[in-house]
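What follows is a single structure, written as structure tokens, with notes after it.
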Amino acid sequence: MLRPLCIGAFFALYTVTAHIVVVSCPPGWLLDVRFKSCYKVIIGGFTFTQGVSKCKEINGTLASIHSYEEDMLINEISCQHKAIGNGQTLIGGQRTGSNPGDWKWIDNTPWDYTNWVPVGPNNDGGQSCIQVLSSPFGLNVPWWYQYQKWDDLQCTFSFQTAICKRPYIIGTPTTKATTKSQTTKASMSTVPSIYPGMPCQQQAGAANYRADPTSCNYFYQCAPAGWTRMPCGPGTVWNPNLTVCDWPYNVPGCENSG
């Protein structure tokens, strides 16, 4: 997007050096730079032990969740219009003791976030694994069911889906010097609304990201070196409303850009 400037500008030329770092995921994985991670849905059924093996085969682990935002991402990508019931989306939590708080992530990251149903975890019959209740569909919903919450379940249960997670891939940094024009008064000329290396103030949350005005397949992230242009993973586009790389059909105007 170009923004107009008023008449009568005086221009100064200056050079911006952008240190561009490209991050990516393997084919078939979903990139989310907020969590510095890649995600992949695998469809079963399979037990916890089998899910661990399936994720390991593709160089990942069953997913850990560390915030509400990451939890909602897991729910969004795992919702496959499944019937409501037990054995939904498997994640990488495992019970370590009999107390309600005795849990760990199998990837050894901190146990710093939970989202249990009001009656859970109740360890009814040796329930040492976690299902995310990621399906809003179905009839005869169990009384305890609460969409997008967690419930403990036996690890030998046959889970319908699982989420694998791995760190994103950091490419080799490149340096690009670009000459830009700067106005001291307004002009009818136009300058880009955002470009690599443009100064920015790092902030938490959505304010640290911007859509690329020239491509659905890229976005900008504020880094110490300024705004940094980054690609979405194969088959995905930037969703400015959710600030994630998303499926094209979820982003108006980008349906054919994946």
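Residue 1171 is where the sequence shown starts when you use the working numbering, and the numbers rise one by one after that. Glycine is no exception: its CB is placed at the ideal position from the N, C-alpha and C atoms. Remember, predicted model here, so these are calculated numbers, not experimental data.
So who's on the other strand from residue i, going by DSSP bridges?
{"i": "LEU1260", "result": "GLN1301, ALA1332"}
{"i": "TYR1209", "result": "LEU1200, LYS1335"}
{"i": "TRP1397", "result": "CYS1392"}
{"i": "ILE1364", "result": "Paired residue(s): none; ILE1364 is not in a bridge."}
{"i": "ASN1409", "result": "VAL1414"}
{"i": "THR1231", "result": "LYS1335"}
{"i": "ASP1321", "result": "GLN1301"}
{"i": "ALA1381", "result": "PHE1389"}
{"i": "ILE1340", "result": "VAL1193"}
{"i": "PHE1218", "result": "Looking at the DSSP assignment, PHE1218 forms no beta bridge with any residue, so it has no partner."}
{"i": "LYS1274", "result": "GLN1264"}
{"i": "TRP1286", "result": "TRP1320"}
For residue i versus residue j, is the C-beta distance shorter than 8 Å?
{"i": "VAL1302", "j": "ILE1276", "result": "no"}
{"i": "VAL1211", "j": "MET1400", "result": "no"}
{"i": "GLN1324", "j": "CYS1299", "result": "yes"}
{"i": "CYS1415", "j": "LEU1232", "result": "no"}
{"i": "TYR1209", "j": "LYS1319", "result": "no"}
{"i": "PHE1329", "j": "GLY1221", "result": "yes"}
{"i": "GLY1405", "j": "SER1194", "result": "no"}
{"i": "VAL1407", "j": "CYS1392", "result": "no"}
{"i": "ILE1333", "j": "ILE1244", "result": "yes"}
{"i": "VAL1287", "j": "GLN1264", "result": "no"}
{"i": "THR1384", "j": "SER1248", "result": "no"}
{"i": "ASN1285", "j": "ASP1241", "result": "yes"}
{"i": "ASN1411", "j": "PRO1418", "result": "no"}
{"i": "THR1413", "j": "ALA1376", "result": "yes"}
{"i": "THR1326", "j": "PRO1366", "result": "no"}
If residue i and residue j are in contact, beta carbons under 8 Å, what's the gap, nearest whole angstrom?
{"i": "LYS1442", "j": "TYR1338", "result": "Residue coverage of the chain in this structure runs from 1171 to 1428, which leaves residue 1442 outside it and unanswerable."}
{"i": "LYS1224", "j": "PHE1216", "result": "7 Å"}
{"i": "GLY1271", "j": "ASP1321", "result": "In fact, because the Cβ distance is near 16 Å, the residues do not count as touching under 8 Å."}
{"i": "GLY1396", "j": "CYS1370", "result": "6 Å"}
{"i": "TYR1474", "j": "ILE1235", "result": "No answer is possible for residue 1474: the residues shown for the chain start at 1171 and end at 1428."}
{"i": "ARG1204", "j": "GLU1239", "result": "7 Å"}
{"i": "THR1266", "j": "TRP1273", "result": "6 Å"}
Does any CB atom of chain D fall closer than 8 Å to the CB of residue i?
{"i": "GLN1372", "result": "In the displayed structure, chain D is absent; only one protein chain is listed."}
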